[in-house]
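Participant: With this note's numbering as the guide, the letters of the sequence shown map in order to residues 514 to 736.
Every residue gets a Cβ at the ideal spot worked out from N, C-alpha and C, and that includes glycine.
Before I ask anything, here is the structure I am working with.
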Amino acid sequence: MNIIYRSSSTSREYPLSFESKWIDYHDIVFEPDYIESLCKKGCRNYGHSGGCPPFSPKFDTFADEEKQCLLIITKFDSKYKTEKVKASKNRAIHWKFQDVIVAHFLDKIGRAIHAHYQQTFFLGTGYCMGCPGKKCSYKLQEPCRNPEQRTFSMESTGINVIKTVKNTMGETFYWYTKSNQNVPYLMKAILLIFPREQDIGAVNSFLDKLLSMYHENVNLDLF
Numbered sequence: 514m515n516i517i518y519r520s521s522s523t524s525r526e527y528p529l530s531f532e533s534k535w536i537d538y539h540d541i542v543f544e545p546d547y548i549e550s551l552c553k554k555g556c557r558n559y560g561h562s563g564g565c566p567p568f569s570p571k572f573d574t575f576a577d578e579e580k581q582c583l584l585i586i587t588k589f590d591s592k593y594k595t596e597k598v599k600a601s602k603n604r605a606i607h608w609k610f611q612d613v614i615v616a617h618f619l620d621k622i623g624r625a626i627h628a629h630y631q632q633t634f635f636l637g638t639g640y641c642m643g644c645p646g647k648k649c650s651y652k653l654q655e656p657c658r659n660p661e662q663r664t665f666s667m668e669s670t671g672i673n674v675i676k677t678v679k680n681t682m683g684e685t686f687y688w689y690t691k692s693n694q695n696v697p698y699l700m701k702a703i704l705l706i707f708p709r710e711q712d713i714g715a716v717n718s719f720l721d722k723l724l725s726m727y728h729e730n731v732n733l734d735l736f
């Protein structure tokens, strides 16, 4: 599904590709030791962000086979980057431009679903965005200032997001590297965990209403 996301900070519109799928608990690739080792080795937020390890709970402590999960992915095709971003030699500029847009969109979708179905557990994408514009209180050696808005990413709970998305949706993640600044798209994922008795049809209808605000089935030839 193609949608248009308007950034609240720039008022610019960006075309995104959206897809969702209901999966079971056993479809989740749970590799806590391996994933945390990657976080510890390669992410500066490890131990310094309330939404990241070692402060985040493990997936199997709040989910089990009695749950059903809604996996959502969103892509930002690289051909829709601005000309200024395309011209940059700094790979961080390319990554951050797409990452911020996709992350904020998915955060809004996830929080809206969670607010409507409060019995769900919402796992976001990347860093916690519960305190917009403020430094995480964990970096100040203080308790979370806004625990009701705090989110944990899928990977922070030990989920291998790459394998889970590939196995269930057939999609591949791409990463900017020093030698490659031309990835076809940037993709991110979120997960919502529901009780088994939750009516899937009702959730799908609510999600459709949410997405209708983003101009479903937009003609991307306009971009």
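1) Does residue 590 pass the burial test, meaning 16 or more other C-beta atoms within 10 Å, or should it be called exposed?
2) By the DSSP assignment, the alpha helix (DSSP H) with residue 717 in it spans what residues?
3) Give me, in chain order, the residues of the same chain whose beta-carbon lies closer than 6 Å to that of residue 731; leave out the 5 immediate sequence neighbours on both sides.
4) Buried or exposed: where does residue 607 fall if 16 or more other Cβ atoms within 10 Å of its Cβ makes it buried?
5) Please confirm if the stretch 532 to 546 is in contact with the stretch 676 to 685, defined as three or more CB-CB distances below 8 Å between the two stretches.
6) Give me the Cα-Cα distance between residue 718 and residue 622, rounded to the nearest whole angstrom.
7) Have a look at 629, 561 and 634 and flag the residue whose alpha-carbon is nearest the alpha-carbon of residue 653.
8) Shortest alpha-carbon distance to residue 647 belongs to which of 638, 639, 668 and 658?
9) In the structure shown, what three-state DSSP assignment does residue 695 receive?
10) My output table needs one value for residue 735: the three-state DSSP class, helix, strand or coil.
11) State the CB to CB distance for the pair residue 502 and residue 706, rounded to an integer number of angstroms; the pair is presumed to be in contact (CB under 8 Å).
12) If you follow the alpha helix (DSSP H) that residue 608 is in, where does it begin and where does it stop?
13) Less than 8 Å separating the beta-carbons of residue 650 and residue 565?
14) Along the chain, where does the alpha helix (DSSP H) that runs through residue 548 open and close?
15) Between which two residues does the alpha helix (DSSP H) harbouring residue 515 extend?
16) Report the three-state DSSP secondary structure of residue 660 (helix, strand or coil).
17) Please list, in chain order, all residues of the same chain as residue 687 whose beta carbon is under 8 Å from its beta carbon, the five residues on each side excluded.
18) Just grab the DSSP bridge partners of residue 702 for me.
19) Are the CB atoms of residue 631 and residue 709 within a distance shorter than 8 Å?
20) Terminal residues of the continuous alpha helix (DSSP H) containing residue 596?
21) Residue 572 by DSSP, collapsed to three states: which one?
Facilitator: Straight from the coordinates:
1) The residue labelled residue 590 in the question sits at position 77 within the sequence shown. Label assigned to residue 590: buried.
2) As a first step, residue 717 must be located in the sequence shown, where it is residue number 204. That run of the alpha helix (DSSP H) goes 713 to 725.
3) Locating residue 731 in the sequence shown gives position 218, where the first residue counts as 1. Low confidence applies to residue 731: its pLDDT is 49, below 50, so where it sits in the model is not reliable enough to give any reading.
4) Here residue 607 corresponds to residue number 94 of the sequence shown, with the count starting at 1. Label assigned to residue 607: buried.
5) yes
6) On the sequence shown, residue 718 is found 205 positions in, with the first residue counted as 1. On the sequence shown, residue 622 is found 109 positions in, with the first residue counted as 1. If you take the alpha carbons of residue 718 and residue 622, they lie about 14 Å apart.
7) Looking up residue 653 in the sequence shown gives position 140. That would be 561, whose Cα lies nearest to the Cα of residue 653.
8) Position 134 of the sequence shown holds residue 647. Closest by alpha carbon: 658.
9) Residue mapping note: residue 695 aligns to position 182 of the sequence shown, counting from 1. Of the three classes helix, strand and coil, the one that applies to residue 695 here is coil, per DSSP.
10) Translated into positions along the sequence shown, residue 735 becomes position 222. Low per-residue confidence applies at residue 735: pLDDT is 44, beneath 50, and the placement is therefore not dependable, though the value from the model is reported in the following sentence. Here residue 735 sits in helix by DSSP.
11) The requested residue 502 does not occur in the structure, where the chain is confined to residues 514 to 736.
12) On the sequence shown, position 95 is the one that residue 608 refers to. Here the alpha helix (DSSP H) through residue 608 covers 604 to 629.
13) Counting from one through the sequence shown, the residue named residue 650 turns up at place 137. Counting from one through the sequence shown, the residue named residue 565 turns up at place 52. No; because the gap between Cβ atoms is not below 8 Å, this pair is not in contact.
14) Counted from its first residue, the sequence shown places residue 548 at position 35. Here the alpha helix (DSSP H) through residue 548 covers 545 to 555.
15) Here residue 515 is taken as the residue at index 2 of the sequence shown, counted from 1. No alpha helix (DSSP H) holds residue 515; the beta strand (DSSP E) holding it covers 515 to 519.
16) Against the sequence shown, residue 660 aligns to sequence position 147. If DSSP states are grouped into helix, strand and coil, residue 660 belongs with the helices.
17) The residue you call residue 687 lines up with position 174 of the sequence shown. Counting only Cβ-Cβ distances below 8 Å, and skipping sequence neighbours, we find 696, 697, 698, 699 and 700.
18) Counting from one through the sequence shown, the residue named residue 702 turns up at place 189. In DSSP, residue 702 forms a bridge with 586.
19) Position 196 of the sequence shown, counting from 1, holds the residue named residue 709. Position 118 of the sequence shown, counting from 1, holds the residue named residue 631. No, the Cβ-Cβ distance between residue 709 and residue 631 is not below 8 Å.
20) On the sequence shown, residue 596 is found 83 positions in, with the first residue counted as 1. 596 to 600 is the extent of the alpha helix (DSSP H) around residue 596.
21) As a position in the sequence shown, residue 572 is number 59, starting the count at 1. Helix, per DSSP.
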